[in-house]
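Down below is the structure, laid out as structure tokens.
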Amino acid sequence: MSVELFPPTRAEATARLAAFLPHAGTSYAKLRNHDPGPDAPSHVSRLSPYVRHRVLTEAELVRAAVDRHGEGPAEKFIQEVFWRTYWKGWLELRPGVWDAYCAAREAA
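Numbering-wise (this note's numbering), the sequence shown opens with residue 608 and increments by one.
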């Protein structure tokens with residue numbers, strides 16, 4: 608985790624979650640695939656480093672989004688959290704896939 612971009616503290620992680628939550632509903636579903644450019648705020652959560660290092664959990668993200676927006680409006684954000692979890696597990700069961708990717712990247 609880049610300490611400059613993602614200070615590795617629980618306080619920073621929860622502050623970033625709180626700052627993102629207003630956007631975790633229908634606006635996330637509409638705008639998450641749009642890049643507003645380098646000088647504009649992003650439409651994605653940027654919370655993955657905190658989840659990866661278990662500073663925040665997937666359950667916390669989902670609960671916070673549902674509490675703020677309800678299940679329907681938060682559905683796309685919840686789906687993305689679950690997809691992240693699914694693919695992490697898929698890769699853990701197939702370490703050769705990740706190793707092959709890393710080898711190809713290094714060879715390029």
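Each residue gets a CB set at the ideal place from its N, CA and C atoms; glycine is no exception.
- Only buried fits R623, as 16 or more other CB atoms lie within 10 angstroms of its CB.
- With 16 or more other CB atoms across the displayed protein chains lying within 10 angstroms of its CB, F684 is buried.
- In the three-state reduction of the DSSP assignment, G696 falls in the helix class, which pools H, G and I.
- For T616, the CB contacts under 8 Å within the same chain, skipping 5 residues up- and downstream, are V662 in chain order.
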